[in-house]
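The block underneath contains the structure these notes are about, expressed in structure tokens.
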Amino acid sequence: MRRHSLSHPAAPERAAAAASAAALRADVEVRELTTPDATAGAERLFRAIWQTGPRSAPVGSDLMRALAHSGNYVAGAYRGDRLIGASVAFFTDGTPATLHSHIAGVDPGVQGRHVGFALKLHQRAWALARGIGSISWTMDPLVRRNLYFNLAKLGAEVAEYLPDHYGRMRDGINADDRSDRLLLAWPLAAERVHAAAEGTPCPVDPGAAALLLTMGPGGAPEPGAAEGTVLICQVPPDITALRTADPELGAAWRQALSIALTGALAVGYQVVGVDAQGDYVLAK
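Now the structure itself:
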């Protein structure tokens, strides 16, 4: 994975201003969670989002307390006294140091209202203030809305495709599905990231591109020709709804996307971003 360092001493101040503006737009206060009550609230929120029982929380309150106490990132987004978003990240090994964002979630009732953006920009400002130039995290490669959010709205980069990275998961979102993931790297002080944080997303215009994978009749994945300088790899508009309605079709998309992306990456293509619809753009 590529590692990034600060490119300009003004980056932390510029990032802090963007984070403040994002929190204001989302009508939230983002702050670190430093008490047992606060981390217990984050555990309850994560359980609700990932639809798990009390004994299988994605991240427990005690672990969040330990991470926060040892200097890692544990923060929440509040609207009044109500916790509606939370994020946990920890420092990684290596020189220079980076931050890995293990989990971030927003109450489904307020999704699409800029809370997740405010959380990520707070995390970015927090990292830059500590001399950290890059944050990594993983995401489901089939979730198109998250693709656009991460690659266009935030300006993150695809570093690696990780097949079945976590093994079989037991939460209500990922159960009975392979845990394929993209590893993303976010160069915090890159100019395009500054611009994205300040409200200018960075989707890619693919121009005349060949279709690597497309949605055919009935919503089934149809492989295309992996030839050309630029490729488009389509994904379903809403894989969550598709998996619920037709699990077999959802599994077919998982397999088809894995074959398409790993095959293209193996012969020298790179994911350079997403287009305005949120589909992958690859280039050599």
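Residues in the sequence shown are numbered from 305 upward in steps of one, following the working numbering. Glycine residues also receive a C-beta, built at the ideal position from the N, C-alpha and C atoms.
Problem - Cross-strand partners of residue 404 (DSSP beta bridge) - result: Position 100 of the sequence shown, counted from the start, is the residue given in the question as residue 404. As a beta-bridge residue in DSSP terms, residue 404 pairs with 394, 440.
Problem - Secondary structure, beta strand (DSSP E): runs of 3+ residues fully inside the segment 427 to 508 - result: 438 to 443, 461 to 466, 485 to 491
Problem - Per-residue DSSP class, three states only, for residue 419 - result: Sequence index remark: in the sequence shown, residue 419 carries index 115 (1-based). DSSP places residue 419 in helix when its eight states are reduced to three.
Problem - Beta-carbon proximity check, residue 408 vs residue 427, cutoff 9 Å - result: By one-based count along the sequence shown, residue 408 stands at place 104. By one-based count along the sequence shown, residue 427 stands at place 123. Their beta carbons are under 9 Å apart, which means residue 408 touches residue 427 by this criterion.
Practice task
Could you tell me if residue 588 is buried or exposed, where buried requires 16 or more neighbouring beta carbons within 10 angstroms of its beta carbon?
Solution key: In the sequence shown, residue 588 corresponds to position 284, counting from 1. Residue 588 should be labelled exposed.
Practice task
Inspect the beta-carbon positions of residue 391 and residue 379 and report whether they are closer than 9 Å.
Solution key: For the purposes of this step, residue 391 is taken as the residue at position 87 of the sequence shown. For the purposes of this step, residue 379 is taken as the residue at position 75 of the sequence shown. Yes, the pair counts as a contact, with Cβ atoms nearer than the cut-off.
Problem - residue 538 burial status per 10 Å Cβ neighbour count (16 or more: buried) - result: The residue labelled residue 538 in the question sits at position 234 within the sequence shown. Buried.
Practice task
Put residue 516 into one of helix, strand or coil per three-state DSSP.
Solution key: Taking the sequence shown and counting its residues from 1, one reaches residue 516 at position 212. Three-state DSSP puts residue 516 in a strand.
Problem - Contacts around residue 567, its chain only, beta-carbon distance under 8 Å, and the 5 residues preceding and following it disregarded - result: As a working mapping, residue 567 is identified with position 263 in the sequence shown. 530.
Practice task
For the segment 538 to 563, list the alpha helix (DSSP H) runs that are entirely contained and at least 4 residues long, ordered along the chain.
Solution key: 543 to 549
Handout entry: Of the listed residues 346, 425, 368, nearest to residue 329 (C-alpha basis)
Key = Working through the sequence shown from its first residue, we reach residue 329 at position 25. If you compare the alpha carbons of 346, 425, 368 with that of residue 329, the shortest gap goes to 425.
Handout entry: Integer Cβ distance of residue 448 from residue 521, believed to fall under 8 Å
Key = As a working note, residue 448 is residue 144 in the sequence shown. As a working note, residue 521 is residue 217 in the sequence shown. Residue 448 to residue 521, Cβ: 19 Å. No contact.
Exercise for the section: Between the Cα of residue 488 and those of 369, 439, 545, 471, spot the shortest distance and give me the residue it belongs to. Expected result: Taking the sequence shown and counting its residues from 1, the one referred to as residue 488 is at position 184. Among 369, 439, 545, 471, the Cα nearest to that of residue 488 belongs to 439.
Exercise for the section: With a 10 Å radius around its C-beta and 16 neighbouring C-beta atoms as the bar for buried, classify residue 416 as buried or exposed. Expected result: As a working note, residue 416 is residue 112 in the sequence shown. Exposed.
Handout entry: Contiguous alpha helix (DSSP H) assignments of at least 4 residues, all confined to the segment 340 to 382
Key = Runs of the alpha helix (DSSP H) inside the segment 340 to 382: 340 to 354, 365 to 373.
Handout entry: Cut-off 6 Å between Cβ atoms - residues of its own chain near residue 432, not counting five sequence neighbours on either side
Key = Numbered from 1 along the sequence shown, position 128 holds the residue referred to as residue 432. Result list for residue 432: 315, 316, 319, 492, in chain order.
Practice task
Report yes or no: do the segment 576 to 586 and the segment 497 to 515 share at least 3 C-beta pairs separated by less than 8 Å?
Solution key: yes
Practice task
Could you please give the first and the last residue of the uninterrupted beta strand (DSSP E) stretch that includes residue 319?
Solution key: Sequence index remark: in the sequence shown, residue 319 carries index 15 (1-based). Looking at the DSSP string, residue 319 is not in any beta strand (DSSP E); the run it does join, the alpha helix (DSSP H), is 315 to 330.
Handout entry: Minimum C-alpha distance to residue 524 - residue among 511, 559, 496
Key = Position 220 of the sequence shown, counted from the start, is the residue given in the question as residue 524. Checked all of 511, 559, 496; the closest Cα to residue 524 is 559.
Practice task
Please say whether residue 462 and residue 574 have beta carbons closer to each other than 9 Å?
Solution key: Within the sequence shown, the letter at position 270 stands for residue 574. Within the sequence shown, the letter at position 158 stands for residue 462. Yes. Within cutoff.
Practice task
Sort out for me which residues DSSP pairs residue 525 with in a bridge.
Solution key: On the sequence shown, residue 525 is found 221 positions in, with the first residue counted as 1. According to DSSP, residue 525 bridges with 519.
Practice task
Answer with buried or exposed for residue 549, where buried requires no fewer than 16 other C-beta atoms within 10 angstroms of its C-beta.
Solution key: Numbered from 1 along the sequence shown, position 245 holds the residue referred to as residue 549. The residue in question, residue 549, is exposed, as its Cβ has fewer than 16 Cβ neighbours within 10 Å.
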